[in-house]
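Going by the working numbering, the first residue of the sequence shown is number 38, and it counts up by one from there. Every residue, glycine too, gets a C-beta built ideally from N, C-alpha and C. All values derive from a computational prediction rather than experimental measurement. Note sheet for the following structure.
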Amino acid sequence: MEGRGINPQHHTAASLDLVKQINLGTVFRLLDKEEPISRIQLAKLSQLAPASITKIIRQFSEIGLIKEVATQVSTGGRRAVSLALNKHSLRALAIRLGRRNMTLGMYDLSAKLIKEHTIPISGLNQQAVESELVLHTEQFLTQCTCDQNNLIAISITLPGIITDVVHYMPHMKVNQWDIAARLKQHFKVNAFIGHDIRSLALAEHYFGVTASCKDSIFIRIHNGIGAGIIVDGKMFSGKKGHLGEIGHIQMEPSGIQCHCGHIGCLETILSNRTIEQEAQKRIEAGLNTSIPSNPDIHDVIKKALLGDELALDLINRAGYYLGKVIAQLVNLLNPEKIVLSGELTQAHSLLLPNIKKLIQSESLPNFNQSVELGISTLDHNSAIGSFAIIKQALLDGTLLMKLITDNE
38 MEGRGINPQH HTAASLDLVK QINLGTVFRL LDKEEPISRI QLAKLSQLAP ASITKIIRQF
98 SEIGLIKEVA TQVSTGGRRA VSLALNKHSL RALAIRLGRR NMTLGMYDLS AKLIKEHTIP
158 ISGLNQQAVE SELVLHTEQF LTQCTCDQNN LIAISITLPG IITDVVHYMP HMKVNQWDIA
218 ARLKQHFKVN AFIGHDIRSL ALAEHYFGVT ASCKDSIFIR IHNGIGAGII VDGKMFSGKK
278 GHLGEIGHIQ MEPSGIQCHC GHIGCLETIL SNRTIEQEAQ KRIEAGLNTS IPSNPDIHDV
338 IKKALLGDEL ALDLINRAGY YLGKVIAQLV NLLNPEKIVL SGELTQAHSL LLPNIKKLIQ
398 SESLPNFNQS VELGISTLDH NSAIGSFAII KQALLDGTLL MKLITDNE
């Protein structure tokens, strides 16, 4: 039950911190969902003792997380003070580290983007990129004129294999890169790290088109292809947090080699770069097209929407392979919604019919008749996935425990 806490008296000292974290998260979720709300209502909905609620509210107040907003008449006739989260005063810094650039976004706790800045990355190795990241973060914080006391956390997301450290990145060699610890040490604020695609799936669940459903799949097509899976309202993580690498499903056994070392991965057929390369290859072969030489993905999409045959063929090819993979995901997971993200979705009027056709022909009728296919509404908000990690840490109590402990 989402709004229900745990009585600490029923647990040993060894599990007491976990119980505290769960209870903090429970009260935060109720405030987030039901505000303004009284202490009496919090106790009733959380099933925590009034004394526990009083203590948690005091702790939240001490870290500036809540405020008294109004009074309301209680059932006993006395006026009860209502509480609400201090969403518009506190700040969270979200960073998205890509292959070619980094985006820094300052958010308040309502997920409102206060300021955003995207900077090209010039470094070619872990040490150089880390130095750039720290420098640009310092400059960004200065530009934001953010009171350090109001900054509750920093989060960074990036592609690769990630736990609490970065084990692998597809475009840069890393060695157990503990970038979150580096950010925490340098800026003296709690820091989190996450996978770029899975964090976007979480953001879509909190703030986007999958907010109303418990089971969804988020697929992003960009320089690579990945998926994030939400099951029963929670991020499905897999062993050690790794899953969703649909870009490495083999589609062409006799195809070209992928950067992962395998042959014919979906990513070698369907990504911005491979579509651009295929377009250039056909241009050089002399095929008739209005696509300019050395095109980017936007050129291909623009010409496809204008009816260029070569561009249409490239988009249709993308829809075919993506549809085949999505059909199998429908068979495996039976989601309520599948959401697509990335530049390619600008051609959704061409892309979606092909995908839907494959879903209908290659997945079970009982599954494909109920699944919805949609387009992300958050593509314009580059760092929102990183902010979603901070939101998750508030909802589950992890960040709340850290903030309260740091304040003691």
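Check: For the putative contact between threonine 328 and isoleucine 100, defined by C-beta atoms under 8 Å, what is the C-beta separation to the nearest angstrom?; Outcome: Checking the sequence shown, residue 328 turns out to be isoleucine, not threonine. With a Cβ gap of about 55 Å, isoleucine 328 and isoleucine 100 do not count as contacting.
Check: How about histidine 223 and glutamine 213: are their beta carbons less than 8 Å apart?; Outcome: no
Check: Take proline 196 as the anchor and find which of Gly231, Leu220 and Asp215 has the nearest alpha-carbon.; Outcome: Gly231
Check: Comparing alpha-carbon positions, which option in Val106, Pro207, Ala248 and Val166 lies nearest threonine 414?; Outcome: Ala248
Check: Is leucine 150 helix, strand or coil when you go by DSSP?; Outcome: strand
Check: Report, in whole angstroms, the separation of the C-beta atoms of glycine 117 and isoleucine 77, which I expect to be a contact under 8 Å.; Outcome: What sits at residue 117 in the sequence shown is alanine, not glycine. Confirmed, Cβ separation roughly 6 Å.
Check: Can the beta-carbon of leucine 359 be found closer than 8 Å to that of isoleucine 320?; Outcome: no
Check: Touch check for the segment 175-186 and the segment 131-151: three-plus C-beta pairs under 8 Å?; Outcome: yes
Check: Look up asparagine 138 in the DSSP assignment and give the residues it is bridged to.; Outcome: Pro157
Check: Work out the CA separation of alanine 80 and isoleucine 189 for me, nearest whole Å.; Outcome: 26 Å
Check: Are the segment 332-343 and the segment 263-279 touching, with three or more C-beta to C-beta distances below 8 Å?; Outcome: no
Check: When the distance is taken between beta carbons, is phenylalanine 244 closer than 8 Å to alanine 148?; Outcome: yes
Check: Hey, could you find the ends of the alpha helix (DSSP H) phenylalanine 404 is sitting in?; Outcome: 402-405
Check: Under 8 Å, do leucine 172 and methionine 139 count as touching if we go by C-beta distance?; Outcome: no
Check: Can you tell me where the alpha helix (DSSP H) with alanine 190 in it begins and where it stops?; Outcome: It is not in any alpha helix (DSSP H) - alanine 190 instead sits in the beta strand (DSSP E) that spans 188-195.
Check: Do you know how far the Cα of asparagine 325 is from the Cα of leucine 239?; Outcome: 43 Å
Check: I'd like to check one pair, histidine 296 with proline 207: are the Cβ atoms closer than 8 Å?; Outcome: yes
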